[in-house]
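So the structure is just underneath, and the comments pick up after that.
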Amino acid sequence: MKKKLVLIGNGMAGINTLEQLLKLAPEKYDITVLGSEPHPNYNRILLSSVLAGDASVQDIVINDLDWYRDNGITLHTSQTVTRINTELRTVTTNKGLSVSYDDLIIATGSLPFMLPLPGADKEGVIAFRNIEDCEIMMDAAKQYKHAVVIGGGLLGLEAARSLLNLDMGVSVVHNSKYLMDRQLDEIASNMLRSELESQGMNFLMEQNTDSILGDERVTGVRFKDGSEVKADLVVMAVGIRPNVGLAKESGIEVNSGIVVNDYLETGTPHIYAVGECAEHEGVVYGLVAPLFEQGGELAKRLAGIPSPGYKGSVVSTKLKVSGVNVFSAGQFLDQPGTRSFRIQDDFDHVYKKIVVQDGKLIGTVLFGDTSDGSKLFSMIRTGQDISGQEKELVLGSQGTAKPQSGIQFVAAMSNDEIVCGCNGVSKGDIQRAIEEKGCTNVNDVKYCTKATGSCGGCKPLVEDLLTYVLGSDGVTEVKEGICGCTPLGREAVVEAIRSMKLTTSKEVMHVLDWKNPEGCSKCRPAVNYYLGMIWPVEHEDEKESRFVNERNHGNIQKDGTYSVIPRIHGGVTTAKDLKRIADVAVKFNVETVKITGAQRIGLYGIQKEDLPKVWEELDMTSGFAYGKSLRAVKTCVGSTWCRFGTQDSMSMGIELEKRLERISTPAKTKVAVSGCPRNCAEATIKDLGVVAIDGGWEIYVGGNGGTDVRAAELLVKLKSEAEVIEWTLAYFQLYRENANYNERTSKWIERVGLEFIKRALASQEERRALQQRYEFSAGLTSDPWTEIIEQERLNKNYEPLQPIRM
Amino acid sequence: MKSYVIGQASEIEEKRARVVRILDTEIAIFKLTGGELRAIENLCPHKNGKLSEGLVCDHHVYCPLHDWKINLNDGMVQAPDEGCVKSYHVEVEESTDNIILHVETMEPTRAS
Ligand SMILES: Cc1cc2nc3c(=O)[nH]c(=O)nc-3n(C[C@H](O)[C@H](O)[C@H](O)COP(=O)(O)OP(=O)(O)OC[C@H]3O[C@@H](n4cnc5c(N)ncnc54)[C@H](O)[C@@H]3O)c2cc1C
Ligand code: SF4
Ligand code: FES
Chain A
1 MKKKLVLIGN
11 GMAGINTLEQ
21 LLKLAPEKYD
31 ITVLGSEPHP
41 NYNRILLSSV
51 LAGDASVQDI
61 VINDLDWYRD
71 NGITLHTSQT
81 VTRINTELRT
91 VTTNKGLSVS
101 YDDLIIATGS
111 LPFMLPLPGA
121 DKEGVIAFRN
131 IEDCEIMMDA
141 AKQYKHAVVI
151 GGGLLGLEAA
161 RSLLNLDMGV
171 SVVHNSKYLM
181 DRQLDEIASN
191 MLRSELESQG
201 MNFLMEQNTD
211 SILGDERVTG
221 VRFKDGSEVK
231 ADLVVMAVGI
241 RPNVGLAKES
251 GIEVNSGIVV
261 NDYLETGTPH
271 IYAVGECAEH
281 EGVVYGLVAP
291 LFEQGGELAK
301 RLAGIPSPGY
311 KGSVVSTKLK
321 VSGVNVFSAG
331 QFLDQPGTRS
341 FRIQDDFDHV
351 YKKIVVQDGK
361 LIGTVLFGDT
371 SDGSKLFSMI
381 RTGQDISGQE
391 KELVLGSQGT
401 AKPQSGIQFV
411 AAMSNDEIVC
421 GCNGVSKGDI
431 QRAIEEKGCT
441 NVNDVKYCTK
451 ATGSCGGCKP
461 LVEDLLTYVL
471 GSDGVTEVKE
481 GICGCTPLGR
491 EAVVEAIRSM
501 KLTTSKEVMH
511 VLDWKNPEGC
521 SKCRPAVNYY
531 LGMIWPVEHE
541 DEKESRFVNE
551 RNHGNIQKDG
561 TYSVIPRIHG
571 GVTTAKDLKR
581 IADVAVKFNV
591 ETVKITGAQR
601 IGLYGIQKED
611 LPKVWEELDM
621 TSGFAYGKSL
631 RAVKTCVGST
641 WCRFGTQDSM
651 SMGIELEKRL
661 ERISTPAKTK
671 VAVSGCPRNC
681 AEATIKDLGV
691 VAIDGGWEIY
701 VGGNGGTDVR
711 AAELLVKLKS
721 EAEVIEWTLA
731 YFQLYRENAN
741 YNERTSKWIE
751 RVGLEFIKRA
761 LASQEERRAL
771 QQRYEFSAGL
781 TSDPWTEIIE
791 QERLNKNYEP
801 LQPIRM
Chain B
1 MKSYVIGQAS
11 EIEEKRARVV
21 RILDTEIAIF
31 KLTGGELRAI
41 ENLCPHKNGK
51 LSEGLVCDHH
61 VYCPLHDWKI
71 NLNDGMVQAP
81 DEGCVKSYHV
91 EVEESTDNII
101 LHVETMEPTR
111 AS
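Protein sequences appear in the order of chains A and B.
Using our numbering, read the first sequence as starting at 1 and increasing by one per residue.
Using our numbering, read the second sequence as starting at 1 and increasing by one per residue.
See below:
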């Protein structure tokens with residue numbers, strides 16, 4: 001029988017421990033998690049992004065409910081454990097749930113420290129710790145204007161910055177003379193303050209809070225010196241204390257945190273503690289990187305893997321506030337026996353300091369340029385001798401002589417050393433992603449491992465690791481962005497849309513930090529396409545992001561008039577339809593009537609305001625005949641009339657056109673069907689061509705007759721019509737999901753290779769799945785002409801405003 | 001300088017444009033995100049593209065014919081292309097939602 005493992009606290013440290021344990025010993029335990037919060041495990045670090053409106057709560061979930069299910073973990077949310085019976089080995093919650101354990105992990109994190117001020121219980125006075133706090137602040141920002149943040153540390157400043165983003169006026173109250181005085185020295189602290197002041201933050205320094213004013217809701221804050229400041233929201237960010245109440249009451253040894261040894265064992269058998277609630281060698285940590293290191297050790301312990309145990313951590317701090325780069329690590333204040341080296345450049349607002357003891361780097365503070373932060377941090381942790389390199393280290397990347405190169409440096413790191421502290425990604429994880437998953441640049445690594453995903457401080461190390469593993473030739477340029485507005489390529493954008501469930505262009509551009517807030521003519525249509533392809537239901541098509549042809553459902557000509565091309569499925573029409581087309585052409589003075597290159601009839605020279613009328617009178621479908629979608633299916637007469645024809649190419653063409661029309665594709669697409677290998681429909685220069693052979697069909701793909709002529713390649717030979725449809729739809733869906741926006745199939749196939757397509761379509765199961773996704777999306781389209789004719793509101797966009805007479 | 005009421009702001013969708021004709025001149029009235037309006041002549045200096053049909057990104061429009069980028073605030077064509085489009089002063093009267101366009105007196109000269 002499996003042993004029972006219970007985790008109290010569904011937070012970052014506890015779940016990280018489970019993640020690591022599952023990698024080491026997936027079958028060893030039946031796991032139950034009990035957590036007070038109603039949410040699955042989320043990234044607490046990114047709460048300030050949620051507050052700033054850069055991410056939604058959904059976006060910061062690390063492990064969603066499926067993760068628990070997939071790993072066989074029983075999760076009880078909104079359950080606070082109130083008692084641990086160490087004799088019977090059970091835990092009981094406030095709602096009466098009782099669970100027994102063989103091994104127990106306590107990971108209850110910490111509680112925000114609330115100053116015991118008179119009035120601190122008023123409405124509008126809160127801490128900044130969890131999603132609920134965030135929601136309260138966001139609601140408050142909608143109604144109120146004045147926020148006061150008590151505490152000028154890391155958390156306080158992040159909260160203050162986010163509240164500025166929410167359009168609140170923000171004052172930060174700090175009791176000492178320097179902001180972030182536990183992480184920065186005087187110089188850096190002053191630089192930080194003036195930077196934040198220029199962003200609009202107001203500081204009340206060396207102030208001690210006396211009381212909180214107001215009746216029900218807070219209206220202001222009074223200080224010891226008698227002065228007051230207006231406030232409708234007070235955020236206390238003055239510190240945290242380990243959440244040890246439960247452990248204490250259950251008789252587990254507690255000092256300031258729950259006391260643990262190098263193996264994260266508490267004084268009570270079978271009970272472990274990890275995270276902010278734990279105290280190791282007298283130290284309680286309040287940042288994730290050390291907690292993840294603890295998690296790794298605990299996972300090994302539980303999995304029964306021998307290890308030297310946890311030896312404590314050196315911590316580094318990075319402020320996640322836009323426009324300000326601050327980094328500090330280790331022991332950065334001058335003390336007897338230490339020497340420090342610094343440069344200060346007040347022109348560029350750069351300050352760097354390193355602290356050295358006995359020839360070893362023991363601490364650093366960087367302001368303005370933090371690019372060397374992670375490297376210096378690692379040197380601090382490994383404790384190597386840096387004598388003689390001080391100058392180069394301070395001058396950093398600007399220095400002349402090269403100290404130990406970044407590559408040598410990452411080579412010397414141990415495999416389980418954490419590179420990305422925010423997401424707990426070790427050197428080994430990244431190296432595996434490079435070696436096994438084929439990552440060749442930072443973006444790839446980010447999407448495989450999450451490293452560099454949160455604060456980005458570890459990016460230089462990841463770059464060095466890539467070079468170390470692949471050699472400088474093996475590292476690819478970060479794929480060129482889809483346009484000048486972003487360095488992200490298609491893969492990254494599409495992946496972000498999927499994983500963060502982004503459903504509007506605005507969200508995409510905001511969350512992914514687009515350079516131009518509303519994008520440009522390249523990315524707007526592309527993003528709109530990707531969104532529609534990924535979320536056919538949720539995404540509302542953005543007309544204002546569509547190129548004029550697609551927006552007006554006609555092809556704009558060089559003089560600003562339009563051409564209208566009614567659909568003639570498979571190139572087969574009737575005398576009645578022809579007559580109607582002719583009537584419309586006469587009535588609207590159409591200048592040119594032309595049989596196009598693809599068996600269609602085009603009416604040229606129509607004024608924009610006449611478009612709706614023309615469509616109404618034509619009463620045929622066509623929308624999408626000019627867009628990035630199927631243009632036409634060309635056919636020969638096939639077995640119906642031709643003496644050589646072996647199959648009915650016309651009905652096959654009509655059927656295909658009906659199935660393929662309307663839906664958006666990355667670029668325009670053309671299809672043809674020929675009734676025998678003579679191939680009169682020229683099917684082998686189309687995006688997809690079907691050619692009848694004796695007793696079956698051949699499908700050709702990737703052809704093009706335009707500027708870059710390319711003969712299509714044989715994809716497959718098939719027996720039945722049903723199979724032709726199945727393969728065709730699956731192929732188009734694969735193209736829709738896989739190609740870059742604006743990439744014709746011929747280019748796409750050259751890029752990914754025919755083999756890739758053959759493999760992707762090889763199994764019938766996969767084909768059916770693709771076909772289903774295709775049909776699902778196609779089923780949601782409608783004919784825009786009908787819609788516009790019926791809706792006055794849409795119709796008016798075709799008319800000019802009233803002309804002015806002078 | 002004369003001022004004309006040419007319609008209502010609600011008749012234009014955000015990031016879209018409508019056109020008003022004054023004698024032979026077509027003027028495109030754009031609505032930016034947030035509701036502000038801009039007016040420029042509906043004629044791209046490159047090959048006469050109808051700017052009213054272009055993609056609007058913040059205060060720029062991309063010509064639908066060959067993708068020139070034009071600043072709607074001052075009508076300047078953005079690098080690497082060069083040129084400029086005539087721009088007009090346009091505003092919305094809050095109380096009535098009327099669009100008011102200010103134009104100098106025009107002569108019916110140009111053929112459109
Ligand atoms: C706004 C904000 C920004 C931060 N930014 C950074 C940063 O940039 N870098 C960094 O390294 N760190 C940052 N931190 C700190 C980091 O989030 C914490 O160090 C980390 O989350 C601690 O993990 P933990 O598992 O120990 O505690 P938590 O993540 O707090 O998890 C503890 C969980 O236990 C639950 N719990 C408590 N008691 C019980 C009980 N009796 N029964 C059941 N469940 C219980 C709690 O509800 C909570 O969900 C930030 C924190 C905040 C709040
Ligand atoms: S392709 Fe074959 S069937 Fe079709 S028209 Fe040409 S010869 Fe006839
Ligand atoms: S006509 Fe405007 S870009 Fe060519």
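Glycine included, C-beta positions come from ideal geometry on N, C-alpha and C.
This structure is a prediction, so every number in the text was calculated from the model and none was measured.
Query                                                                                                                                                                     : Result
Can you have a look at H66(B) and say buried or exposed, based on whether 16 or more other CB atoms are within 10 angstroms of its CB?                                    : exposed
Could you tell me the distance, in whole angstroms, from the CA atom of I105(A) to the CA atom of V6(A)?                                                                  : 6 Å
Name, going along the chain, the residues of the region 76-94 of chain A whose beta-carbon falls closer than 9 Å to a beta-carbon of chain B.                             : none
Relative to the alpha-carbon of L656(A), which residue among A237(A), A140(A), C676(A), V633(A) has its alpha-carbon at the smallest distance?                            : V633(A)
Between which residues of its own chain and Y447(A) is the CB-CB distance below 6 Å, once the five residues before and five after are set aside?                          : E495
Taking C-beta pairs closer than 8 Å, name the residues in chain D that E104(B) reaches, listed in chain order.                                                            : The displayed structure is made up of protein chains A and B, and chain D is not among them.
Considering M650(A), what are the terminal residues of the alpha helix (DSSP H) in which it resides?                                                                      : 649-660
Shorter than 8 Å from the beta carbon of G560(A) to some beta carbon of chain B?                                                                                          : yes
Figure out for me which residue from E723(A), E713(A), L780(A) has the closest Cα to the Cα of G753(A).                                                                   : E713(A)
Is the region 777-786 of chain A close to the region 689-707 of chain A, with three or more CB pairs under 8 Å?                                                           : no
If you measure between the beta carbons of R16(B) and N165(A), is that distance less than 8 Å?                                                                            : no
Using a Cβ-Cβ distance cut-off of 8 Å, determine whether S521(A) contacts chain B.                                                                                        : yes
Would DSSP call I131(A) helix, strand or coil?                                                                                                                            : helix
How would you call K300(A), buried or exposed, if buried means at least 16 neighbouring beta carbons within 10 angstroms?                                                 : buried
Can we say the region 639-646 of chain A touches the region 674-685 of chain A, given the rule of at least three CB pairs closer than 8 Å?                                : yes
Using the three-state DSSP reduction, which class does N71(A) fall into: helix, strand or coil?                                                                           : coil
What number of angstroms, rounded off, separates the C-alpha of P403(A) from the C-alpha of T74(A)?                                                                       : Note on P403(A): pLDDT 43, under 50, position unreliable in the model; no value is reported.
Measuring CA to CA, which of A739(A), E195(A), T561(A), V148(A) is closest to G220(A)?                                                                                    : V148(A)
Closest to Y562(A) by CA distance: which of M12(A), V274(A), D610(A) is it?                                                                                               : D610(A)
By the criterion of Cβ-Cβ separation under 7 Å, what are the contact partners of D58(B) in chain A?                                                                       : N516, P517, E518
For L291(A) and V314(A), which I take to be in contact (beta-carbon distance under 8 Å), what is that distance rounded to the nearest angstrom?                           : No, L291(A) and V314(A) are not in contact; Cβ-Cβ is about 14 Å, not under 8 Å.
Among residues of its own chain, excluding the 5 on either side of E617(A), which ones have a beta-carbon nearer than 6 Å to its beta-carbon?                             : V584
Would you mind telling me which residues of chain B sit closer than 7 Å to V548(A), beta carbon to beta carbon, in chain order?                                           : E53, P64
Sort out for me which residues DSSP pairs I106(A) with in a bridge.                                                                                                       : I8(A), A273(A)
Report the residue from F347(A), D348(A), T364(A) whose alpha carbon sits nearest the alpha carbon of T338(A).                                                            : T364(A)
Enumerate in chain order the residues of its own chain whose CB-to-CB distance from I434(A) is below 8 Å, with the five nearest sequence positions on each side excluded. : T440, V445, L465, L466, V469, L470
Should K758(A) be labelled buried (16 or more other beta-carbon atoms within 10 Å of its own) or exposed?                                                                 : exposed
Just the Cα atoms here: how many angstroms apart are A188(A) and D64(A)?                                                                                                  : 39 Å
Which ranges would you report for the beta strand (DSSP E) in the region 353-406 of chain A if only whole runs of at least 3 residues count?                              : 360-367
For the beta strand (DSSP E) that contains M205(A), what are its first and last residues?                                                                                 : 202-205
Could you list which residues in chain A have their beta carbon closer than 8 Å to that of K47(B), in chain order?                                                        : K558
Among D185(A), Q733(A), G597(A), which has the Cα closest to the Cα of R773(A)?                                                                                           : Q733(A)
Enumerate in chain order the residues of its own chain whose CB-to-CB distance from N516(A) is below 7 Å, with the five nearest sequence positions on each side excluded. : C485
If you follow the beta strand (DSSP E) that S100(A) is in, where does it begin and where does it stop?                                                                    : 98-100
Taking the runs of the beta strand (DSSP E) that are 3 residues or longer, which of them lie wholly in the region 159-233 of chain A?                                     : 169-174, 202-205, 209-214, 218-223, 228-230
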